[in-house]
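Reviewing the structure listed below.
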Amino acid sequence: MAVRFAIPRIARWLACALLLAGVMLGGLHADWDFSAISRKATALYGPLGAGQQRIDAWQNLLATQKQVSEMEKLKVVNLFFNKQMRYVEDIDLWGQVDYWETPIEALWKGAGDCEDYAIAKYFSLRHLGVASDKLRITYVKALRQNRAHMVLTYYSSPDAMPLVLDSLIDPIRPASERTDLLPVYSFNAEGLYLPGAKGNKKVGDTKRLSRWQDVLKKMQAEGFPVETTN
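At position 209 of the sequence shown (counting the first as 1) the number is 209 in UniProt numbering, and the numbers step up by one without a gap.
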């Protein structure tokens with residue numbers, strides 16, 4: 001995000017996360033019908049142009065990386081979206097201050113801001129079989145840039161030092177080495193977490209809908225199987 005880090009904006013993001021529903025993309029481990037997805041995306045967005053090649057490359061990645069180690073999956077997915085997308089602010093790309101892209105929208109445009117990278121990486125890794133409780137979409141303050149930022153974090157175990165998948169840099173590093181990032185909160189399908197001296201603390205389950213619901217609805221319209229869980 002190119003905006004300066006400010007408490008009101010973080011408060012708005014936090015409120016949004018608190019409204020995150022207990023809704024997950026269904027069929028995450030099943031094959032996705034990319035022929036149908038491309039047809040529906042074209043009907044929704046118009047000709048995909050160079051975006052079709054990026055979507056085809058994503059399909060190939062998901063088809064060929066299922067049997068590799070989780071660490072290799074992290075590296076491949078992180079690098080793929082860092083290379084396929086360029087950073088563009090929501091207001092410039094979508095004419096909105098805050099817009100959450102689906103992975104298809106991100107690849108169609110070949111662009112997005114920090115949360116769009118994290119969302120695309122999250123769904124890719126979930127489809128490749130990485131458990132949701134190992135992944136958290138994490139809001140941080142990027143200290144060097146003095147702005148709000150979003151990354152995807154991976155926990156090999158509940159108490160492990162998380163690894164950071166970041167759109168700012170390609171190498172995946174432990175959070176202990178990312179002293180330039182100050183965690184604010186994180187979330188996944190299981191709930192919302194706040195950082196603390198004894199590790200991340202789960203502060204509640206997410207039951208109601210928010211922008212995350214919008215992402216899921218758009219993905220369903222794009223041809224992804226979606227189901228709700230309570």
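Beta carbons are placed, not taken as given, at the ideal position from N, Cα and C, and that holds for glycine. Since the model is a prediction, treat every value here as computed from it, not as a measurement.
query	result
Strand pairing of M150, partner residues [DSSP]	Y139
Span separating the alpha-carbon of K40 from that of E222	5 Å
At least 3 beta-carbon pairs within less than 8 Å: the stretch 118-133 vs the stretch 50-66	yes
With 16 other Cβ atoms within 10 Å as the buried cut-off, status of M71	exposed
C-alpha distance - L165 paired with G46, whole-angstrom precision	31 Å
Range covered by the alpha helix (DSSP H) that runs through P200	As written in the sequence, residue 200 is Asn, which differs from the Pro given in the question. N200 -> no alpha helix (DSSP H), and no H or E assigned at all.
Buried or exposed by the 16-neighbour rule on C-beta atoms within 10 Å, applied to R208	Unreliable placement is indicated for R208, whose pLDDT of 45 sits below 50; the coordinate value is still reported in the next sentence. Label assigned to R208: exposed.
Closest Cα partner of Q220 within the set L79, S167, I104 and K73	I104
K109 and L93 closer than 8 Å at C-beta	yes
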